[in-house]
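Chemist:
There are 2 protein chains.
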Amino acid sequence: MVTKNELKLAKSLHQKKHRIQENSFFVEGEKSIKEFLASSFELKALYSVQLEIFGSIVQGVSITFSDLKTISALTNPSGHFAIFSLPEPQEIAYNDFLVGLDSIRDPGNLGTIIRLCDWFGIRDLVCSKDTVDCFNPKVVQSSMGSLSRVGVHYVDFDSFLAACPVPVLGADMNGVSIYETLLPKQGIWVLGNESTGLSEATQQRLSQTVSIPRFGVTQQTESLNVATATAILLSETRRTFANET
Amino acid sequence: MVTKNELKLAKSLHQKKHRIQENSFFVEGEKSIKEFLASSFELKALYSVQLEIFGSIVQGVSITFSDLKTISALTNPSGHFAIFSLPEPQEIAYNDFLVGLDSIRDPGNLGTIIRLCDWFGIRDLVCSKDTVDCFNPKVVQSSMGSLSRVGVHYVDFDSFLAACPVPVLGADMNGVSIYETLLPKQGIWVLGNESTGLSEATQQRLSQTVSIPRFGVTQQTESLNVATATAILLSETRRTFANET
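Note that the protein sequences, when read in sequence, are chains A and B.
Throughout, the working numbering is defined as the position within the first sequence, counted from one, plus 12.
Throughout, the working numbering is defined as the position within the second sequence, counted from one, plus 12.
1. Identify the continuous alpha helix (DSSP H) that holds glycine 67 of chain A and give its terminal residues.
2. How big is the Cα-Cα spacing for aspartate 142 of chain A and arginine 127 of chain A?
3. Taking 6 Å as the limit between beta carbons, can you name the residues of its chain near leucine 137 of chain A, skipping five residues before and five after?
4. Give me the chain A residues within the contact set of leucine 236 of chain B, using Cβ-Cβ distance strictly less than 8 Å, ordered along the chain.
5. Grouping DSSP H, G and I as helix and E and B as strand, with all else coil, what is threonine 221 of chain B?
6. How would you label alanine 156 of chain B, buried or exposed, when you count the other beta carbons within 10 angstroms and need 16 or more for buried?
7. Compare the C-alpha of serine 211 of chain B against each of B:Thr242, B:Lys197, B:Ile45, B:Asp184 and name the closest.
8. Thinking C-alpha only, which one of B:Ile244, B:Ala57, B:Asn237 is nearest threonine 249 of chain A?
9. Determine the direct distance from the alpha carbon of leucine 86 of chain B to that of serine 74 of chain B, and round the result to whole angstroms.
10. By the criterion of Cβ-Cβ separation under 7 Å, what are the contact partners of threonine 240 of chain B in chain A?
11. Residues of chain B with CB closer than 7 Å to the CB of arginine 226 of chain A, please, in chain order.
12. Taking C-beta pairs closer than 9 Å, name the residues in chain B that alanine 254 of chain A reaches, listed in chain order.
13. I want to verify the contact list: residues of chain B whose CB lies under 7 Å from the CB of arginine 117 of chain A, in sequence order.
14. Give the single residue among B:Phe147, B:Ile190, B:Ser219 whose Cα lies nearest to the Cα of asparagine 35 of chain B.
15. Give the range of the beta strand (DSSP E) segment to which valine 164 of chain B is assigned.
16. Give the interface partners of arginine 251 of chain A over in chain B, defined as CB-CB distance under 7 Å, in chain order.
17. Within 10 angstroms of its Cβ, does leucine 194 of chain B collect 16 or more other Cβ (buried), or is it exposed?
18. Let me check understanding here. Comparing Cα to Cα, which of B:Leu25, B:Ser207, B:Gln220 lies closest to phenylalanine 187 of chain B?
19. Mind pulling the alpha helix (DSSP H) runs of 4 or more residues that sit fully within the stretch 23-92 of chain A?
20. Which residues mark the beginning and the end of the beta strand (DSSP E) in which isoleucine 200 of chain A is found?
21. Excluding five sequence neighbours on each side, which residues of the same chain lie with their C-beta closer than 6 Å to the C-beta of arginine 251 of chain A?
22. State yes or no: is the C-beta of leucine 58 of chain B within less than 7 Å of the C-beta of glycine 67 of chain B?
23. Excluding the five sequence neighbours on either side, which residues of its own chain have a C-beta within less than 6 Å of the C-beta of lysine 28 of chain B, listed in chain order?
24. Helix or strand or just coil, what does DSSP make of serine 207 of chain A?
25. Looking at glutamate 54 of chain A and serine 24 of chain A, is the spacing between their C-beta atoms short of 7 Å?
26. For a cutoff of 7 Å on Cβ pairs, would you count serine 68 of chain A as touching chain B?
27. List in chain order: all unbroken beta strand (DSSP E) runs of 3+ residues lying wholly within the stretch 127-154 of chain B.
28. In angstroms with no decimal places, state the Cα-to-Cα distance between phenylalanine 93 of chain B and arginine 135 of chain B.
29. Given this structure, state the Cα-to-Cα distance separating proline 177 of chain B from leucine 218 of chain B, to the nearest angstrom.
30. Comparing alpha-carbon positions, which option in A:Gly91, A:Ser158, A:Leu173 lies nearest glutamate 234 of chain B?
31. By DSSP, does asparagine 186 of chain B sit in helix, in strand, or in coil?
32. Using only CA atoms, which one of B:Tyr191, B:Glu40, B:Val39, B:Ser223 lies nearest to leucine 203 of chain B?
33. Aspartate 170 of chain B by DSSP, collapsed to three states: which one?
34. From this set, B:Val151, B:Asp168, B:Gly41, which residue's C-alpha is nearest lysine 81 of chain B's C-alpha?
35. Quick one: what does DSSP say serine 292 of chain B is sitting in, helix, strand or coil?
36. Is serine 52 of chain B close to chain A? Criterion is C-beta to C-beta, closer than 7 Å.
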């Protein structure tokens with residue numbers, strides 16, 4: 013059975029400073045845990061109300077639902093909770109498209125964007141240091157296992173863009189329509205903060221500014237949600253080159 | 013100042029049965045309230061900690077932050093709260109694309125889809141009766157004013173599709189790639205439940221099944237979020253005909 017100290021440690025991983033200190037983060041839910049188990053992430057501990065569903069290879073610890081509730085980030089805990097090591101930093105690859113995020117604050121948006129990167133085969137997601145932490149429990153939850161397959165990098169965003177060897181495409185209301193843009197084969201899509209958009213510094217680093225046209229009579233919608241904008245830009249990118257490979 | 017009865021009424025509008033009984037729903041936040049005021053929706057009452065920002069034409073009632081907190085659906089109330097009449101049912105127009113939702117349950121997803129319809133100039137959004145109510149406070153909140161410009165209709169979905177005069181296009185993993193589909197000029201995009209997808213009955217009504225291709229090496233992502241899928245389908249629809257108008 014799980015000990016009090018283990019519960020305390022697990023609970024502490026809700027906070028970024030403890031995740032760094034313990035070099036660990038947690039994953040909830042059978043499906044997400046199985047996707048991390050199938051990846052190169054290193055398992056540190058597994059707690060479950062029903063350990064047998066993870067097979068005999070994985071060593072786990074039994075836990076009761078009431079103990080699980082005290083450490084879960086969910087209103088309705090799933091019954092399974094695993095702790096993994098934070099990954100080693102990886103090299104960023106520039107032979108395809110990347111996505112860059114400038115101060116994204118909403119965990120649900122980051123989770124959805126990680127899921128989109130996974131869907132569209134984007135290997136690297138580069139984030140400004142003030143973007144919400146991808147190992148935040150809510151991000152892990154909403155990325156639904158995709159975080160095990162997408163490399164997320166936190167960098168000094170301005171220096172990164174300054175040295176970026178591929179075209180930097182910024183998504184902004186005032187850009188050229190994506191439908192009329194000749195996309196490069198390699199590049200990085202940069203999306204900005206939910207309220208304030210791309211920062212001044214980032215705007216200075218753009219090779220091109222691209223917009224998603226608005227239709228309809230009234231044209232009063234202020235902006236698209238950053239995750240839905242990412243969906244459209246990645247779909248257009250893949251569509252453009254879909255018949256060439 | 014606001015009375016106890018007014019607070020009680022406002023609070024009751026969190027629930028659908030009271031919204032129907034009172035023929036009313038509520039909107040929070042300066043921006044959203046202003047968008048509803050600028051639309052054809054009929055204002056019943058306005059409460060604000062700072063009434064002057066709504067100008068002199070609108071009659072409002074002063075409220076304190078502590079009273080507002082008791083009726084708000086938000087963790088951080090915005091300071092403004094308005095009650096509007098539910099709209100009269102409108103005719104559905106078939107001269108353009110529509111969106112149909114089959115059992116969408118998440119308020120945030122519905123709100124995002126309403127915002128997308130507004131962005132892409134989709135006039136009518138047709139929902140199965142078990143889709144979350146569009147006047148649910150969380151939907152109103154996440155639609156960010158777009159609900160004032162998109163007609164949302166709750167119908168017997170199967171009868172509606174059976175009689176639908178335009179092609180019914182279903183979004184499903186097993187369809188033909190959207191990038192290789194010749195889209196009609198009029199039609200309805202139908203999207204299914206977050207977990208179970210399109211119902212059996214709805215699948216029987218489809219003229220065509222269309223998918224958003226998955227890229228990348230592992231191809232393990234299970235599905236796209238329903239709102240991001242809607243974003244991609246609507247973008248593709250508008251792109252296809254963008255140069256013809």
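All C-beta atoms in this analysis are idealised placements derived from N, C-alpha and C, irrespective of residue type, glycine included.
Modeler: From the atom records:
1. That residue, glycine 67 of chain A, is in no alpha helix (DSSP H); it is neither H nor E in DSSP.
2. 20 Å
3. Val111, Cys129, Val162, Val164
4. Arg127, Leu128, Trp131, Ala243
5. strand
6. The identity of residue 156 of chain B in the sequence shown is methionine, whereas the question assumes alanine. Buried is the call here.
7. B:Asp184
8. B:Ile244
9. 19 Å
10. Thr124, Leu128, Ala239, Thr240, Ala243
11. Trp131
12. Ser189, Tyr191, Glu192, Pro225, Phe227
13. The premise fails here: arginine 117 of chain A is roughly 14 Å from chain B at the closest Cβ pair, so nothing lies under 7 Å.
14. B:Phe147
15. 163-167
16. Tyr191
17. exposed
18. The residue asked about is misnamed: residue 187 of chain B is glycine in this sequence, not phenylalanine. The residue with the shortest Cα to Cα distance from glycine 187 of chain B is B:Gln220.
19. 28-34, 42-49, 77-83
20. 199-204
21. none
22. no
23. Asp145
24. coil
25. no
26. no
27. 136-140
28. 26 Å
29. 12 Å
30. A:Ser158
31. strand
32. B:Ser223
33. helix
34. B:Gly41
35. A question about residue 292 of chain B goes unanswered here, because the residues of chain B that appear run from 13 up to 257.
36. no
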